[in-house]
Structures are given as structure tokens and as C-alpha cells.
Amino acid sequence: MKKIAIIGAGVAGLTALQRLKDQAEVTVFDKARGPGGRLSSKRVGEDSWDMGAQFIRAHSLEFRHALEHWQNEDLIQEWQVNPWLITSDHRGPSPDNTRRYVPAPRMTALSRQLIGAAHHFEASCRIVRTRYDGAWTLWDENDRAFGPFDGLIINVPPEQALPLLPPATALADTVGSLDMLPCWTLLMSFTSALDVPFDAAFVRDSKLGWVARNNSKPGRENTDAWVIQASHAWSALHKDAPRDQIQNAMIASFTELCSTPLPEVRSQWLHRWLFAVPAQSPGLGSLSDPECRLVLAGDWCQHGSVEGAWISGNHAAQQLLEMFA
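Throughout, this note's numbering is defined as the position within the sequence shown, counted from one, plus 38.
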């Protein structure tokens, strides 16, 4: 049986794993303590939030079928929410009828189910170097070697993928041309419920881009907990600003958005997603180099969403299987 390595346990990597699990021994590596990538959660004391992707939705028929399967397996539930749209001259429910889904009790519940298909999962393992000489060998930051592997899928942002590419590959120029946008994310929980008429809102003409009452999702704790995401444009302009400056600015914008004083803060956390979403939506599926049985995957190859990552992961697995065929 072929041996395959996947660097990055985000949605694209986990999706590729599902396609490959019956035809290869798959080892998954991730620098984090658990799988998930954009399906990330954060806990502070007794409070928790969905820190990355806020929901899962389908544009394509194929992904709609995947969501139906996950729902039938009780891996996701529909989030009954009608987000508002808040702009400089409009406040009210958005006009869409999108069906939004979430795993419970947090987004990482789905990724923890999917990683179970791996032959082996190396968590807290940052791969920093690779070599291909007919087979792949990988090294982590502690100089531990892993391999040999017959094929490799790299599922990390393009800036992090570049150092892992073999010197002779033609993929470097394409990967180097694709940019990612940052996103500052503020997590806040309150001792009492914030009195606003919405549980989620898309925000325009503001430092903010999205706000959501995390506990309005199914299966969450009762504590009034909010996820406040800055816009990608504002995050990019203030990517390296002091954290206290960012936090104060986001709290001020959120208070203004709510048009009411915030309740007493119970806990809070500020996180910077340096590579949050792709600046472009290239629609490439994945990038491959058949000469060394290498495929690159991620939402940045397709478009910035859970669905984009899922499409890319499926495409990557298919590309690798065709190389073996």
C-alpha cells in the first residue's frame, strides 16, 4: 500500500484524507495541537468561541451533498440565524436565504471526526524541510525525520508552502504570486446578555467585517459570547499594530455598532489570523508536480471558504491518485 504524507490538517488536508484513506496509509502532520485549520475554536477558562470559520455553506451541488451526508451522520447542525447587514446607511436583516451549518459543540468537532481516518496523526509537529529523491522525507523543527513517503500533499498557506517545495519544481512561481489577507479577531464574553436585535451581522463601511453571538449556534454554552472579526482591508493596514491598540479600536467599533454600552466583560481574547483568506479566488482546485508526486491544496487554490478548501482537497487527492495510476 502506498504511503502518503499530508502537511496541514485543515479542511483541504482532511478532505484529501477521506479520499485516500482506503487506498493508502496516510500520515497527517500539523503544527497545532489538533486538526481543523480554519475550523478553529478557542477556550478561555469556561468560555469558548468559534475563532475561525463561523459557519459552513454550500454553493455547489457536490458540496451540498457533502453537507447532507455530514448532517445525516450528526456531524453538523443547521444554524437557524438570519444575519443582519449593517452599513453606514442601512441596518436590518440581510436579504439572503442561505442555509448555514455548524458542528457542535464547536467547529473543531467536525475536524476531530475526520482526522480519525489517518493512519497516523503527528500533532504539534511543524514540518520545516522536505527532500525528494524518488521518495519524500520530511523534517520537523526539532530535526526529526519522517518517511519515506510515496506522495506528498501540502495544505498550508502559500507563504508557508514555498520553503517546503523542492528546488526544481515549476510550482514556485505560481505559489509565490498568490497572496493571503490577514484578519484580526476579538473574542469577548459578558456576564449578562448583550441587548441587540441580531445574533450575527455582516458589517460594511467599518473597521469590522462580521460579528456573531457564538452561543446562538446549536450546542454551545449559555454564556453570552461574541466573535468580532475586523475587515480584511483594515486588518491588512494594521497587521503589525500593537495588540492593545487593535483591541481598543475593535471594542470601540463594536460598541458603536451595537448602539448600547457593553455589559461587564467576563473574558476576552485577541487573535491575528495572518493568512486568513486568499486575496484572489484562482479556482485552480490544486497545484501539482507529477515529477515528484507532489500536490498543493488549500482554500487559496480555489476560493476562501470551507467549501473552497473541500473542493481543493478532493481535487488534490484525485491528482495524486492519477499520478500513482
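Idealized CB from N, CA, C, for every residue including glycine. None of the values given here were measured: they were computed from a predicted structure.
Task: Own chain, CB closer than 8 Å to A208, minus 5 neighbours either side, in chain order - done: On the sequence shown, position 170 is the one that residue 208 refers to. These residues qualify, in order along the chain: D327.
Task: Three-way DSSP call (helix, strand, coil) for R71 in this model - done: If you number the sequence shown from 1, residue 71 lands on position 33. In this structure, R71 counts as coil in the three-state DSSP scheme.
TODO: Tell me whether F187 sits in a helix, a strand or coil according to DSSP, three-state version.
DONE: As a working note, residue 187 is residue 149 in the sequence shown. Reduced to three states, the DSSP call for F187 is strand.
Open item on the list: Taking the alpha-carbon of I42 as reference, which of G130, L58, V303 and A147 has the nearest alpha-carbon?
Closed with: Stepping through the sequence shown from its first residue, residue 42 is reached at position 4. Selected option, being the one with the closest Cα: L58.
Open item on the list: Considering only DSSP beta bridges, list what D88 is partnered with.
Closed with: Locating residue 88 in the sequence shown gives position 50, where the first residue counts as 1. DSSP, once it has assigned bridges, lists S79 as partnering D88.
Open item on the list: Taking 8 Å as the limit between beta carbons, can you name the residues of its chain near T65, skipping five residues before and five after?
Closed with: Taking the sequence shown and counting its residues from 1, one reaches residue 65 at position 27. Same-chain partners within the cutoff: K41, I42, A43, I44, A156, H157, H158, F159, E160, F184 and F187.
Task: Selected residue, minimal CA-CA separation from L312, among S273, L113 and Q61 - done: On the sequence shown, residue 312 is found 274 positions in, with the first residue counted as 1. Ranking S273, L113 and Q61 by Cα distance to L312 puts S273 first.
Task: Beta-carbon proximity check, C339 vs L322, cutoff 7 Å - done: Within the sequence shown, residue 339 is the residue found at index 301, counting from 1. Within the sequence shown, residue 322 is the residue found at index 284, counting from 1. Yes, Cβ-Cβ distance for C339 and L322 is below 7 Å.
TODO: Compute the distance between the beta-carbons of P133 and F240, then report whether it is under 7 Å.
DONE: Here residue 133 refers to the residue found at position 95 when the sequence shown is read from its first residue. Here residue 240 refers to the residue found at position 202 when the sequence shown is read from its first residue. Their beta carbons are not under 7 Å apart, which means P133 does not touch F240 by this criterion.
Open item on the list: So, under 8 Å CB-CB, V49 and L77 are touching, yes? Tell me the CB distance rounded to an integer number of Å.
Closed with: Position 11 of the sequence shown, counted from the start, is the residue given in the question as residue 49. Position 39 of the sequence shown, counted from the start, is the residue given in the question as residue 77. Going by Cβ atoms, the distance from V49 to L77 rounds to 6 Å, so yes, they are a contact pair.
TODO: Mind the definition here: the segment 255-263 touches the segment 221-232 only if three or more C-beta pairs lie below 8 Å; say whether that holds.
DONE: yes
Task: Outcome for D211 when other beta-carbon atoms lying within 10 angstroms are tallied against a minimum of 16 - done: The residue you call residue 211 lines up with position 173 of the sequence shown. D211 comes out exposed.
TODO: Use the C-beta contact count for A290: other C-beta atoms within 10 angstroms, 16 or more gives buried, fewer gives exposed.
DONE: If you number the sequence shown from 1, residue 290 lands on position 252. By the neighbour-count rule (16 or more Cβ atoms within 10 Å), A290 is not buried but exposed.
Task: Selection from I124, S254, S149 and I349 that minimises the alpha carbon distance to F292 - done: Here residue 292 refers to the residue found at position 254 of the sequence shown. Comparing Cα positions, the closest option is I124.
- [ ] Whole angstroms is fine: what's the gap from E360's alpha carbon to D178's?
- [x] Taking the sequence shown and counting its residues from 1, one reaches residue 360 at position 322. Taking the sequence shown and counting its residues from 1, one reaches residue 178 at position 140. So the two alpha carbons sit approximately 28 Å from each other.
Open item on the list: Considering only their Cβ atoms, is the gap separating G351 from A363 smaller than 7 Å?
Closed with: Translated into the one-based positions of the sequence shown, residue 363 becomes position 325. Translated into the one-based positions of the sequence shown, residue 351 becomes position 313. No, Cβ-Cβ distance for A363 and G351 is not below 7 Å.
Open item on the list: Within 10 Å of its beta-carbon, does H270 have 16 or more other beta-carbons around it, so buried, or fewer, so exposed?
Closed with: The residue you call residue 270 lines up with position 232 of the sequence shown. It is buried - the Cβ of H270 has at least 16 other Cβ atoms within 10 Å.
Open item on the list: I'd like to confirm the pairing. Which residues does DSSP put opposite R57 in its beta bridges?
Closed with: Indexing the sequence shown from 1 puts residue 57 at position 19. Bridge partners of R57: none, in fact.
Task: Spatially closest choice to I192 from K69, V249 and N252, by CA coordinates - done: Translated into the one-based positions of the sequence shown, residue 192 becomes position 154. The shortest C-alpha separation from I192 is found at K69.
Open item on the list: Checking 7 Å against the spacing of the C-beta atoms, do R258 and D237 come in under that value?
Closed with: Taking the sequence shown and counting its residues from 1, the one referred to as residue 258 is at position 220. Taking the sequence shown and counting its residues from 1, the one referred to as residue 237 is at position 199. Contact flag unset, no.
- [ ] Specify whether the segment 145-155 and the segment 165-173 touch according to this definition: at least 3 beta carbon pairs, one from each stretch, less than 8 Å apart.
- [x] no
TODO: Quick one: which unbroken alpha helix (DSSP H) runs of 4-plus residues sit fully inside the segment 162-245? Chain order, please.
DONE: 196-199 and 210-214
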